[in-house]
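Residue numbers (this note's numbering): 688 to 813.
All C-beta atoms, glycine included, are put in the ideal place defined by N, C-alpha and C.
Next up, the structure:
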């Protein structure tokens, strides 16, 4: 019975999560992820390449994206609800600029379409 009650509370939490709460969860998760990964600085070739590609897209349509490169052989990229976007250098190594820009746009789309909020709500409800 207690498990059912707890599950019910989680469903209520999921249904009532505000955008602000989702952004707070994302900010905390981004900080934790950043602390566990080596970030390629703006003077690093990976950081310079990403900066060149995103140009003025840091601040676009009311969104202020926080782009960074994780210096890692992993082939991945992700976005968070707080407008955090991280690209792994391993992914950058295997893509040309056009392909990489597509990935960046794809990750920006996750933020704009609130896909992250939907995933968090789904996680709470299960």
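Boundaries of the beta strand (DSSP E) in which residue i is found, first to last residue
i           : result
residue 766 : 764-766
residue 775 : 771-775
Residue nearest to residue i in terms of C-alpha spacing, selected from the options
i           : options            : result
residue 730 : 738, 742, 723      : 738
residue 714 : 734, 754, 746, 771 : 771
residue 751 : 789, 741, 758      : 741
residue 734 : 790, 774, 721, 769 : 774
residue 776 : 768, 769, 756, 723 : 756
residue 753 : 762, 783, 718      : 718
residue 792 : 747, 808, 705, 809 : 747
residue 760 : 721, 768, 728, 780 : 780
residue 768 : 778, 790, 745, 800 : 800
residue 723 : 745, 758, 711      : 758
residue 745 : 721, 763, 778, 798 : 798
Beta bridge counterpart(s) of residue i as assigned by DSSP
i           : result
residue 727 : 756
residue 783 : Its beta-bridge partners do not exist; DSSP assigns none.
residue 750 : 747
For residue i, the three-state DSSP class (helix, strand or coil)
i           : result
residue 705 : coil
residue 696 : Its pLDDT being 46, under 50, residue 696 is placed unreliably by the model, and nothing is read from it.
residue 761 : coil
residue 801 : coil
Supposed close pair residue i, residue j - CB separation, criterion 8 Å
i           : j           : result
residue 766 : residue 794 : 4 Å
Host alpha helix (DSSP H) of residue i (start-end)
i           : result
residue 738 : 732-741
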